[in-house]
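J.:
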Amino acid sequence: MWEYSDKVKEHYKNPKNVGSIENADAIGEAGALSCGDKLKIYLKIDNGIITDAKFQTFGCGSAVASSSILTEMIIGKTLEEVKKITNKDIADELGGLPPEKMHCSVMGHEALEDALKGYFGENKTQEVKSEEKIDSKKVICNCFSVTEKEIVEAIKEKNAKTLEDIRELTYAGGGCGRCRENIKFLLDKYAPAQELSPVQFVLKVNKVLETNVAHELGKDSGGIELVDVKGKDVFVKLTGTCSSCKNATMTLKNFVEAQLKEHVDKDITVFEVK
Amino acid sequence: MSFVYLDNNATTKVAKEVLEAMMPYFEQEYGNPSSIYDLASIPNKAIKSARETVADFLGANNPKEIIFTSCGSESANMAIKGVLDVNRAKKHIITTRVEHPCVLNLYKDLEKRGYLVDWIDVDSNGDLNVNQLIDLVKDDTVLVSVMMANNETGVIYPVSDIAAAVKEKNPKTIVFADGVQAAGKIPINLKDTKIDLFGISGHKFHAPKGVGALYVKSGTMLSPLVVGGHQERGKRAGTENVPYIVGMAKAASLAKESLQYELSEVKRLRDRLEEGILTRVKNAVLNSKSKNRVPNTTNIGFQYIEGELILLHLNDAGICASSGSACTSGSLEPSHVLRAQGVPFTSLHGSIRFSLSRYTTEKEIDYTIEKLPEIIQKLAKISPFQKELNEIMK
């Protein structure tokens, strides 16, 4: 069980400002049903001051508590003051959150940002672009404030190879998970897939042929056999209806080779053996 | 009523009789069973007798087929690693997508080490695709590993039929069944099956945590996980945990006596709870509709409400249940079991498991049926999916 502070307990038990505001001046959203967290925040703004705030949250206890306390924190504040609120402020106001739950405060902050951006008419979409230079300040994981530099160091110096490795070493990606695509990008860039041994390579090729390819070809009463592997060249024999099919070359290149490139190695070339 | 405990698939309370049976082995009969003096003879005999009782509980042919371990995870690790170690040439394993993490994560690890693992699907009712499994058995298949009952949904998989079909196709393939969630809930008679290895955990049937057992059918080759002394005939080194082994044996004999009660009365209470919730709470859906379920478990999804929030409010009402949803386990991944079943996102994150025991009373069930609708009504108001909920709740 989580060690929730009394303040968190108080707010998930009896959340304040639940609901929606008709004719709200700003509405912000964060999260999605599929992720298990979604937050909607409604603001009434008068003369640059937030006069009312309400929320609706699909999420765990700390998500509800973060939303609830956020509405209390912003009512009566000027937009300038509200803009300065960070996710850490929300967590601090709650008397702290367990590390795994920090993303709940991030979500509150994101919904607030989203609402303000909408209000000021700014572009809502955010994109993290890949940059050539490693930015020591660029935060990849908002939940745990992990920078690009820290993640690249984990890959280069601590030999991290998977998302799980990164999570264990830096916590990055262990919260809401929205940064996982960006971490994957860094992994692909700085930790190229390890060379398979020749045997592992053949086994993997065979497995992909058996599970992904043979099944599909079988639908047209065709089949495929692995004949030989030399380096990255894979020699296969088409059987059944495939062996006499005019489109066999297309099948080989567009399907068989594509599958092997995707699942085993991007340098694979497939050759047909009659 | 202090609290209502409906999380017996997580752990159970130690039966009073079990604790009483254990006590002498802490205070008086504390001798090391391997020692030569008289003080050792009673613990030694106690272990012998415990082995007979557990063998009887599992329907084993011979007490020698029982090896005592520290827990279900150790039993599973010993079974799997032990089999692979003596069959190093073979690299193909078949298991299911819905195994317990202690088994699942081991296979994921083995996959990285060059094993080919095939993962068998379940349908939307939670039932296993047995034909798919049997089709995949080949000469190279060293191990087939299927749990007897699922911890999250309670669905029973036909491990005895699977073992027979696997052996018919490849007699050399070893079959391991994780029986942790089945022991004490349904009849088990291993001598009538082709199952080679079967793991159980004491604390799931009213023994304390920290003791388990692995059934190893006579003739099954297995290398030990814990190497050292000669204990357990060299298959599991380490001084025997006498009081806990005695406790588990007592729990096993109690479970055997109460099996009929489990199959009739516990099932009646489970069905009462399930029906009560499904009829009174409009956004509740039953996650596993399989006909074959252990009598004590139900898994219900509450659409558009998150599971941890429900659990926290149940806790405030004095009700202990658990969520397959992930927020409780530290990662945000939702239950792999419910996802394998294709449970939609609308209820996936709001799924709650209720698991009863023979100590659960009708009063406790009725209290839960009364409290839950109030909680869901309250939480539905917080959800941002008002339109969807209004449609369902009207």
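Line order of the protein sequences matches chains A and B.
Heads up: the first sequence is residues 491 to 764, going by our numbering.
Heads up: the second sequence is residues 3 to 396, going by our numbering.
Don't be surprised by glycine CBs; every beta carbon is placed ideally from N, CA and C.
Since the structure is predicted, the reported quantities are computational estimates derived from the model, not experimental observations.
When you compare the stretch 130 to 139 of chain B with the stretch 71 to 82 of chain B, are there three or more beta-carbon pairs, one atom per stretch, that lie closer than 8 angstroms?
T.: As far as the Cβ criterion goes, the stretch 130 to 139 of chain B does not touch the stretch 71 to 82 of chain B, which means the pair count is below three.
J.: Consult DSSP for L707(A) and reduce its assignment to one of helix, strand or coil.
T.: The answer is helix: DSSP assigns L707(A) an H, G or I state.
J.: Applying the 10 Å Cβ sphere with the 16-neighbour rule, what's the burial state of Q305(B)?
T.: With 16 or more Cβ atoms within 10 Å of its Cβ, Q305(B) is classed as buried.
J.: Where T615(A) and R341(B) are concerned, what is the direct C-alpha to C-alpha distance, given to the nearest angstrom?
T.: Note on T615(A): pLDDT 44, under 50, position unreliable in the model; the coordinate value appears next. Rounded to whole angstroms, T615(A) to R341(B) spans 30 angstroms at the Cα level.
J.: If you follow the alpha helix (DSSP H) that V339(B) is in, where does it begin and where does it stop?
T.: Taken as a continuous stretch (DSSP letters only), the alpha helix (DSSP H) holding V339(B) covers 338 to 342.
J.: Using only alpha-carbon positions, find the residue among V124(B), L381(B), P375(B) that is nearest to R282(B).
T.: If we check each option's Cα against that of R282(B), P375(B) comes out closest.
J.: Following the continuous alpha helix (DSSP H) through E54(B), name the residue where it begins and the one where it ends.
T.: Note, E54(B): alpha helix (DSSP H), 43 to 60.
J.: Return the first residue and the last residue of the beta strand (DSSP E) that E715(A) is part of.
T.: First-last of the beta strand (DSSP E) with E715(A): 712 to 720.
J.: Output, in sequence order along the chain, the residues in the stretch 335 to 349 of chain B whose CB is closer than 9 angstroms to any CB in chain A.
T.: If the cut-off is 9 angstroms between Cβ atoms, the stretch 335 to 349 of chain B has E335, P336, F347, T348 near chain A.
J.: Suppose you measure from the CA of L227(B) to the CA of C550(A); what does that come to, to the nearest Å?
T.: L227(B) and C550(A): Cα-Cα distance of roughly 40 angstroms.
J.: So, is the C-beta of H205(B) closer than 8 angstroms to a C-beta in chain A?
T.: Judged by the 8 angstroms Cβ criterion, H205(B) is not in contact with chain A.
J.: Are there 16 or more other CB atoms within 10 angstroms of the CB of T598(A), so buried, or fewer, so exposed?
T.: It should be noted that the sequence gives Gly, not Thr, for residue 598(A). Counting Cβ neighbours within 10 Å, G598(A) comes out buried, since at least 16 surround it.
J.: Note down, in chain order, every chain B residue with its Cβ under 9 angstroms from the Cβ of K697(A).
T.: Going along chain B in sequence order, the residues near K697(A) (Cβ under 9 angstroms) are L118.
J.: Going by DSSP, which residues form a beta bridge with K528(A)?
T.: Answer is G521(A), F548(A), bridged to K528(A).
J.: So who's on the other strand from R355(B), going by DSSP bridges?
T.: Paired residues: N301(B), S324(B).
J.: Do I673(A) and I630(A) have their C-beta atoms closer together than 8 angstroms?
T.: Cβ distance < 8 angstroms, so I673(A) and I630(A) count as in contact.
J.: In angstroms with no decimal places, state the Cα-to-Cα distance between I164(B) and I136(B).
T.: For I164(B) and I136(B), the distance between alpha carbons rounds to 8 angstroms.
J.: Just mark H94(B) as buried or exposed, buried being the case when its beta carbon has 16 or more other beta carbons within 10 Å.
T.: The residue is buried, with at least 16 neighbouring Cβ atoms inside 10 Å.
J.: By Cβ distance, which residues of its chain are closer than 7 angstroms to A23(B), with the 5 residues on each side in sequence left out?
T.: Closer than 7 angstroms at the Cβ level, and outside the excluded window around A23(B), lie V248, G249, K252.
J.: List, in order along the chain, the chain B residues whose C-beta lies closer than 9 angstroms to that of Q546(A)?
T.: Simply K383, I384, S385, P386, F387, Q388.
J.: A543(A) bridges to which residues according to DSSP?
T.: The partner list for A543(A) (beta bridge, DSSP) reads L533(A).
J.: Do N10(B) and S357(B) have their C-beta atoms closer together than 8 angstroms?
T.: Their beta carbons are under 8 angstroms apart, which means N10(B) touches S357(B) by this criterion.
J.: In the DSSP assignment, what residue or residues form a beta bridge with Y217(B)?
T.: Y217(B) pairs with I68(B), F200(B).
J.: Check whether the Cβ of L280(B) lies closer than 8 angstroms to any Cβ atom in chain A.
T.: So, not an interface residue.
J.: Flag H705(A) as yes when its Cβ comes closer than 7 angstroms to any non-hydrogen atom of the ligand PLP, and as no otherwise.
T.: The ligand PLP is absent from the structure shown, which contains no ligand whatsoever.
J.: Since K578(A) is in the beta strand (DSSP E), which residue starts that stretch and which ends it?
T.: Looking at the DSSP string, K578(A) is not in any beta strand (DSSP E); the run it does join, the alpha helix (DSSP H), is 577 to 583.
J.: In the DSSP assignment, what residue or residues form a beta bridge with G730(A)?
T.: Answer is G712(A).
J.: Quick check: what's the CA-CA separation for E640(A) versus A662(A)?
T.: Taking the straight line joining both Cα atoms gives about 9 angstroms.
J.: In chain A, which residues lie less than 7 angstroms from G318(B) when you measure between Cβ atoms?
T.: The sequence shown places Asp at residue 318(B), rather than the Gly named in the question. Ordered by position in chain A, the residues that pass the 7 angstroms Cβ test against D318(B) are K503.
J.: Return the CA-CA distance between Y532(A) and N577(A), expressed in angstroms with no decimal places.
T.: Rounded to the nearest angstrom, the two C-alpha atoms are 18 angstroms apart.
J.: Starting from the C-beta of I190(B), find all residues in its chain whose C-beta is less than 7 angstroms away, skip the five residues before and the five after it, and write them out in chain order.
T.: So the qualifying residues of the chain are L60, G61, G181, A184.
J.: Considering only the beta carbon of each residue, do R272(B) and P297(B) sit closer than 8 angstroms?
T.: Cβ distance < 8 angstroms, so R272(B) and P297(B) count as in contact.
J.: Report the neighbours of H351(B) on chain A: residues whose CB is nearer than 7 angstroms to its CB, in chain order.
T.: Per Cβ cutoff of 7 angstroms: G526.
J.: In angstroms, rounded to a whole number, what distance separates the CA positions of S620(A) and K627(A)?
T.: Confidence is the limiting factor: at S620(A) the pLDDT is only 40, short of 50, which leaves the residue's position unreliable and the question unanswerable from this model.
J.: Given that L41(B) touches chain A, what residues does it touch there, using C-beta distances under 7 angstroms?
T.: Those do not exist, as L41(B) stays about 42 angstroms from chain A at its closest Cβ, beyond 7 angstroms.
J.: Under the assumption that V554(A) contacts I384(B) (Cβ atoms under 8 angstroms), give the Cβ distance between them as a whole number of angstroms.
T.: Yes, V554(A) and I384(B) are in contact; Cβ-Cβ is about 6 angstroms, under 8 angstroms.
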